[in-house]
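Chains as they are written, first to last, in numbering that gives the first Met the number 0: chain V, 0 to 299; chain F, 0 to 299. A virtual CB, placed ideally from N, CA and C, is assigned to each residue, including glycine. Since we're looking at a predicted model, the values are computed, not measured. Following: one structure in structure tokens, then a few remarks.
Number of protein chains: 2
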Amino acid sequence: MNPDFSLITYLNERKALVDRALDDYLPGDKNEPPVIFQAVRYSLLAGGKRIRPILCLAAAEAIGGDAEAAMPAACALEMIHTYSLIHDDLPAMDNDDYRRGRPTLHKVFGEDIAILAGDALLTEAFHLLADRKRMPGIPTDRLLDVAREIAEAAGYRGMVGGQVQDIRAEGEKVGLETLYAIHRRKTGALLRVSLRAGAILAGAGDEALADLSDYGGKIGLAFQIADDILNVEGDPALLGKGTGSDAARGKITFPALLGIEASRARAEELVTEAVSSLAPFDDGAAPLRAIARYILERRS
Amino acid sequence: MNPDFSLITYLNERKALVDRALDDYLPGDKNEPPVIFQAVRYSLLAGGKRIRPILCLAAAEAIGGDAEAAMPAACALEMIHTYSLIHDDLPAMDNDDYRRGRPTLHKVFGEDIAILAGDALLTEAFHLLADRKRMPGIPTDRLLDVAREIAEAAGYRGMVGGQVQDIRAEGEKVGLETLYAIHRRKTGALLRVSLRAGAILAGAGDEALADLSDYGGKIGLAFQIADDILNVEGDPALLGKGTGSDAARGKITFPALLGIEASRARAEELVTEAVSSLAPFDDGAAPLRAIARYILERRS
């Protein structure tokens with residue numbers, strides 16, 4: 000690995016590129032009703048870590064492709080992630096008042112606008128994915144395959160299905176296998192498809208695609224376990240939201256089932272396995288290797 | 000026009016084809032969490048008129064294409080329409096208890112599941128639109144263009160934007176121009192793109208596409224005016240929902256602004272103009288001509 004590679008610099012640079020692209024993709028037509036744009040911008044430009052778009056760009060790079068060419072897909076993934084947060088925060092769902100250190104969208108704009116802003120972001124994601132003029136060098140078959148895979152990962156086979164399972168499991172006695180199954184869909188599917196999307200757009204072969212999917216599945220679970228641990232012992236000031244909320248809500252988490260130490264050990268194991276999946280790749284996969292290790296170190 | 004053409008027979012046959020296709024497209028994987036499938040089926044298979052899919056198929060036919068080849072896009076349009084009804088019915092939006100003669104989805108499954116079922120249907124629509132294996136004979140450029148246009152019509156530039164404008168206009172003093180603008184987006188954009196989608200998939204040239212768009216815009220408005228009139232003087236038993244709800248809610252409608260008679264006259268004018276847009280087409284457009292006229296006669 001290149002000894003000069005700094006993950007923090009890399010993440011900051013990529014985040015800045017993604018933030019600028021998201022800003023560019025958001026509508027500027029002055030005839031549109033301003034409130035929906037304000038709402039969409041409030042949530043989308045609230046300063047997330049942009050982990051899904053960064054994984055998408057990094058996967059394209061690992062294949063030897065041009066990361067920037069995958070930017071529309073990368074931004075579509077962030078829009079889908081943001082819409083899911085908006086809807087999850089609603090009173091009928093998790094009823095959260097704060098997100099990323101600011102009042103949640105429905106607290107500021109009302110529930111009706113929050114529902115519609117989520118709908119708008121989800122729809123706009125597919126608008127971007129289908130916009131072949133924005134990705135002129137990429138064969139249209141690949142664009143369709145990426146849109147289809149992202150829809151599969153975001154819908155009832157993936158994220159939405161996992162969210163339903165999670166809601167129905169609250170307050171129930173749930174075993175470890177069910178918890179894995181919930182997270183593979185609720186958070187894992189979108190993280191995994193972020194890698195697949197970047198790789199498909201860059202023209203990955205079947206083996207490289209399988210390796211990156213494997214990496215994505217593993218870091219998806221590791222990420223969720225790390226999140227659960229942060230909810231127990233993280234710093235609310237760094238997280239931008241309260242801790243202990245999972246336990247208060249009777250939510251099933253990895254620390255609740257395994258204890259903190261075993262959860263941490265499982266996350267470490269998953270990260271090691273994820274890095275092993277990248278063995279066939281050259282230095283182009285250095286960011287992906289570093290991101291996997293970073294999951295265990297992050298504080299927010 | 001073929002004197003033997005019966006619109007009622009045509010609509011019933013097409014509705015049956017669409018219903019069967021929707022049933023086929025819905026997931027059958029027994030490992031999925033059943034509640035989300037039950038919810039999606041409850042709303043999607045509740046027996047709507049399937050006007051958007053029928054327009055999509057009829058537009059493909061008017062171009063001389065194979066109507067059945069456009070079936071996935073036709074069903075995607077119905078999924079988007081159904082998701083919009085589910086979200087519109089929510090307590091935070093219109094707070095409706097009945098839809099198509101049955102309790103609304105959130106009354107049966109809860110608000111959280113209703114939000115997620117809407118999200119799932121919207122996502123699944125794009126899954127269908129991006130599934131090139133389901134539309135094997137159609138160039139992938141066309142598939143992408145249709146997905147992009149539908150996203151544009153359904154999102155903040157179209158349906159969602161119109162819904163936001165409509166919510167913000169409730170209880171406000173609104174003029175006729177604003178009312179037209181709201182409906183062009185809230186209901187008109189999706190009806191119009193239903194025609195464009197079928198036409199693009201069938202390989203329409205620019206002129207034919209413009210004529211069908213024009214037709215779609217006109218019948219979209221006529222349809223909305225007819226809907227407003229039905230809400231004033233329709234038969235609740237036929238409609239499957241109460242009447243007078245618009246007035247009770249202080250909703251701006253065409254009858255409220257123009258009176259019933261002038262509203263009816265405007266709808267008739269729009270239908271005449273819509274039929275004129277189809278002048279260049281041969282008998283393949285007979286169903287579209289008949290559908291336009293039917294808008295003025297429908298009772299539910």
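Considering only C-alpha positions, which residue in the set the options is nearest to residue i?
i                      : options                    : result
residue 86 of chain V  : V/106, V/236, V/263        : V/106
residue 200 of chain F : F/212, F/114, F/139, F/180 : F/139
residue 288 of chain F : F/233, F/162, F/45, F/54   : F/54
residue 294 of chain F : F/217, F/45, F/117, F/95   : F/217
residue 76 of chain V  : V/176, V/296, V/252, V/145 : V/145
residue 181 of chain V : V/251, V/135, V/232        : V/251
residue 50 of chain F  : F/215, F/103, F/154        : F/215
residue 259 of chain V : V/270, V/271, V/230        : V/230
residue 209 of chain V : V/279, V/168, V/268        : V/279
residue 268 of chain F : F/136, F/90, F/47, F/224   : F/224
residue 179 of chain F : F/112, F/273, F/221        : F/221
residue 283 of chain V : V/88, V/35, V/61           : V/61
residue 45 of chain F  : F/203, F/171, F/98         : F/98
residue 37 of chain V  : V/136, V/187, V/265, V/112 : V/112
residue 166 of chain V : V/26, V/274, V/94, V/276   : V/94
residue 33 of chain F  : F/108, F/207, F/265        : F/108
The alpha helix (DSSP H) that contains residue i, what's its start and end?
i                      : result
residue 81 of chain F  : 70-88
residue 155 of chain F : Run containing residue 155 of chain F: none; DSSP gives neither H nor E here.
residue 265 of chain V : 259-276
residue 177 of chain F : 175-182
residue 23 of chain F  : 6-24
residue 128 of chain V : 110-128
residue 298 of chain F : No alpha helix (DSSP H) holds residue 298 of chain F; DSSP gives it neither H nor E.
residue 251 of chain F : First-last for residue 251 of chain F: undefined, no H or E at that position.
Might you give, ordered along the chain, the residues of its own chain that have their beta carbon closer than 8 Å to the beta carbon of residue i, omitting 5 neighbours on each side?
i                      : result
residue 120 of chain V : 39, 42, 43, 78, 79, 81, 82, 85
residue 174 of chain F : 256
residue 212 of chain V : 191, 194, 195
residue 141 of chain F : 199, 200, 202
residue 328 of chain F : With chain F covering 0 to 299 only, the question about residue 328 of chain F has no answer from this structure.
Helix, strand or coil, according to DSSP, for residue i in the structure here?
i                      : result
residue 235 of chain V : helix
residue 135 of chain F : coil
residue 98 of chain V  : strand
residue 171 of chain V : coil
residue 280 of chain V : coil
residue 103 of chain V : coil
residue 91 of chain V  : coil
residue 62 of chain F  : coil
residue 196 of chain V : helix
residue 202 of chain V : coil
residue 47 of chain F  : coil
residue 186 of chain F : helix
residue 161 of chain V : helix
residue 215 of chain F : helix
Classify residue i as buried or exposed, calling it buried when 16 or more other Cβ atoms lie within 10 Å of its own Cβ.
i                      : result
residue 11 of chain F  : exposed
residue 193 of chain V : buried
residue 248 of chain V : exposed
residue 243 of chain F : exposed
residue 261 of chain V : exposed
residue 64 of chain F  : buried
residue 234 of chain F : exposed
residue 219 of chain V : buried
residue 117 of chain V : buried
residue 160 of chain V : buried
residue 7 of chain F   : exposed
residue 271 of chain V : exposed
residue 184 of chain V : buried
residue 298 of chain V : exposed
residue 286 of chain F : buried
residue 4 of chain V   : exposed
residue 124 of chain V : buried
By Cβ distance, which residues of its chain are closer than 7 Å to residue i, with the 5 residues on each side in sequence left out?
i                      : result
residue 74 of chain F  : 17, 20, 21, 24, 52, 127
residue 130 of chain V : 71
residue 92 of chain F  : 86
residue 156 of chain V : none
If you drop the 5 nearest sequence neighbours on each side, which residues of the same chain put their C-beta closer than 6 Å to that of residue i?
i                      : result
residue 312 of chain V : Residue 312 of chain V lies beyond the residue range present for chain V, which begins at 0 and ends at 299; the question has no answer from this structure.
residue 227 of chain V : 252, 253, 254
residue 245 of chain F : 230, 252
residue 66 of chain V  : 56, 59, 60
residue 274 of chain V : 288, 291
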